[in-house]
Amino acid sequence: MRCAEGSFRCASGCCDELIPAAYRILFAIRWKLGALFGWDKPGTGINTRVQSLRDRLPADLRDAPPGPDFQSVPFHSVFLTGNEWAAEIANRTVHAVMHIGWVPDETGGYRGQMAVLVKPNGLFGKLYLAAILPLRYLLVYPALLRTMAHAWQAQPA
């Protein structure tokens, strides 16, 4: 299934309706600014400016399928197992990895746990991260976790 430019894709196809409007708007603004100022040019990303984290994985993870291949966002899957997944992004501002895992909880069920590790690219990257910090913690991360929780709950048992 082909999604409109700028649409978010998920396993079932185009899934913009699952992504909160604030999240879509913030990312649309970010991608427009990136295009305008050249933050996301091909030479600034994975395997150009920085080596992929996948190349540094232990053999068992490196030799396994990496996980979903995104068409609408510039994340690259690093690895996928039965209970965890990692994806990375690199551009003129950062090299970052997002790790999501399902961990057992005290009730015998599972809970999602997310970590985002970010390495700024120089002084500009540090200033950029400082400027967007409130947006990441107040809007982006909570929206991402809510979306994942809804998708998880919507799966057939």
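Numbering (the working numbering), first residue to last: -8 to 148.
Note that beta-carbon positions come from the ideal geometry of N, C-alpha and C, so glycine has one too.
For residue i, does the count of other Cβ atoms within 10 angstroms reach 16, so buried, or fall short, so exposed?
i       : result
Thr39   : exposed
His67   : buried
Thr84   : buried
Met(-8) : Per-residue confidence for Met(-8) stands at a pLDDT of 46, beneath the threshold of 50, marking its modelled position as unreliable; the derived number appears in the next sentence. With fewer than 16 Cβ atoms within 10 Å of its Cβ, Met(-8) is classed as exposed.
Asn82   : buried
Ile37   : buried
Leu129  : exposed
In the DSSP assignment, find the alpha helix (DSSP H) that holds residue i and state where it starts and stops.
i      : result
Lys117 : 113 to 126
Leu52  : 50 to 53
Figure out for me which residue from the options has the closest Cα to the Cα of residue i.
i      : options                        : result
Tyr119 : Arg21, Ala140, Met89           : Arg21
Ala13  : Thr98, Ala134, Leu48           : Ala134
Arg45  : Ile123, Gly103, Asp96, Val88   : Val88
Val107 : Pro56, Thr98, Ala77, Ala122    : Ala77
Gln144 : Arg102, Val131, Lys117, Ile123 : Arg102
Asp60  : Val69, Asp54, Leu114           : Val69
Val41  : Val131, His86, Gln104, Ala26   : His86
Trp93  : Asn112, Val109, Leu71, Leu114  : Leu71
Check for me: the beta strand (DSSP E) holding residue i runs from which residue to which?
i     : result
Tyr76 : The residue asked about is misnamed: residue 76 is Trp in this sequence, not Tyr. Looking at the DSSP string, the run of the beta strand (DSSP E) that includes Trp76 is 75 to 81.
Taking the DSSP output, what are the residues bridged to residue i?
i      : result
Gly92  : Glu75, Gln104
Ala87  : Ile80, Val109
Ile20  : DSSP, once it has assigned bridges, lists no residue as partnering Ile20.
Val131 : Paired residues: none, contrary to the question.
His141 : Answer is none; His141 lacks a bridge partner.
Phe174 : Because the chain is modelled from -8 through 148, residue 174 falls outside the range shown and cannot be assessed.
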